[in-house]
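In our numbering, the protein residues as written are 241 to 370.
Just so it is clear, CB atoms sit at the ideal spot from N, CA and C, and this is done for glycine as well.
This report concerns only the one structure given below.
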């Protein structure tokens, strides 16, 4: 995965996979894959799948990069502790699944907990057919 800084302040992690590298071939199947991972994790709670493309297209003046075919966000929360008020600002988590013509792009903000960040990274990497 590659780390980049979005808008000079947000650490975003990105994994690009050619479509032929992924057994799952539609965005809903990939979203369900992540939901299953979340459902099976001991401290993760699934919240929703947000259809980002549908939402954006609902505006008359929507602007969408034509290379992007579809986007859905899998919304969930890790956490069994609330050590301070700031933790609520970085929860819940979101994994974006973006469909382009020939590839899938998986992206998420860096998690403040390195162990849980690594879980999201591994879930993403496990999409690739071995």
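Taking its Cβ as the centre, do 16 or more other Cβ atoms sit within 10 Å of residue 284, making it buried, or is it exposed? buried
Assuming residue 241 contacts residue 264 (C-beta within less than 8 Å), just tell me the rounded distance between them. Contact flag wrong, Cβ pair sits at about 18 Å.
Is it right to say residue 267 is buried, meaning 16 or more other beta carbons lie within 10 angstroms of its own, or is it exposed? By the C-beta density criterion, residue 267 is buried, having at least 16 other C-beta atoms within 10 angstroms.
Residue 327 burial status per 10 Å Cβ neighbour count (16 or more: buried): exposed
Given residue 310 as reference, the closest of 287, 323, 298, 340 once Cα atoms are compared: 340
Considering only their Cβ atoms, is the gap separating residue 336 from residue 348 smaller than 9 Å? yes
Distance CB(residue 290)-CB(residue 312) smaller than 9 Å: yes
Exposed or buried, residue 364, counting other C-beta atoms within 10 Å across all chains shown (16 or more means buried)? buried
Who are the Cβ neighbours of residue 302 in its own chain at under 8 Å, not counting the five residues just before and after it? Taken in chain order, the residues that qualify are 296.
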